[in-house]
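Notes follow once the structure below has been shown.
In this note's numbering, the protein residues as written are 25 to 310.
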């Protein structure tokens, strides 16, 4: 693939003009590595970025039992591009997973490029700002799942009936209706003459009815309470995950902003001519 087209695939350079890309492409050097070769190790100085023309690279963090492969990169992909801005230590290890042909852009060449082409440097800084803005917008649009709706979708008919019985049994309408029913029952069997009374004092049939109702209502309410405790547990777990995600996201955003500001400051210092040179330029000739 043409080096210029390969550079266009990198978000950091996609807004550069064609002549800037061509000048940057001339600074690329070829790197050929065999399978299993280490491109760089975690903690090494960030001195170059790499574009894969052919082959593949595994990005690995940790060592020994804690070693984790973060991602595998293949043809027309790149890695290590942020090291061009500040030369910070590598955050992971890169190892080839097959014979690979890559193009490398050294940081020193990149610094020389932006010093000679300030417009290109501004375009790169603009791209970094756009990526930060897109990240912030994405974070604000993120919506956490509703665990209560997910739990409600899983309910069986019996569980829905239990919730309805528990909700009605613990309401004032139920208390008034049941109190009125008992008052009518007792007045009917106390005030009316003998043939019409079907449950005279001490209201044995009413006691049997109340005992049966309580025996049936208690386990139904317990079923609903057990389900409510499951809901509360799911809500607690979800709240913990939200808080943890927010904490990690905020920490990541703050660290990214500090890192970008440091890189922009470093770029400004490298692009600005030395103060002594400015004084010599501005001094009147006598």
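Glycine included, C-beta positions come from ideal geometry on N, C-alpha and C.
- Scanning 106, 34, 203 for the CA closest to the CA of residue 72 turns up 106.
- In summary, residue 237 is exposed, with fewer than 16 beta-carbon neighbours lying within 10 Å of its beta-carbon over all protein chains present.
- In the DSSP assignment, residue 54 forms a beta bridge with 127.
- Checking the DSSP bridge columns, you'll see residue 260 has no partner listed.
- The residues 57, 79, in chain order, have a CB closer than 6 Å to that of residue 124 in the same chain once the five nearest residues on each side in sequence are set aside.
- The shortest CA-to-CA distance from residue 120 to any of 87, 44, 93 is the one to 93.
- For residue 85, the three-state secondary structure derived from DSSP is strand.
- Counted as a single uninterrupted DSSP element, the stretch harbouring residue 211 is not any beta strand (DSSP E) but the alpha helix (DSSP H) occupying residues 196-215.
- The alpha-carbon of residue 122 is positioned some 10 Å away from that of residue 82.
- Boundaries for residue 191: no beta strand (DSSP E) harbours it, while the alpha helix (DSSP H) harbouring it runs 181-193, taken from the DSSP string.
- In this structure, residue 85 lies away from residue 47, with their beta-carbon atoms at least 7 Å apart.
- Taking the CA atoms as reference points, residue 55 sits about 23 Å from residue 38.
- Taking the C-beta atoms as reference points, residue 241 is found nearer than 7 Å to residue 193.
- Residue 119 has 62, 82 as its beta-bridge partners, per DSSP.
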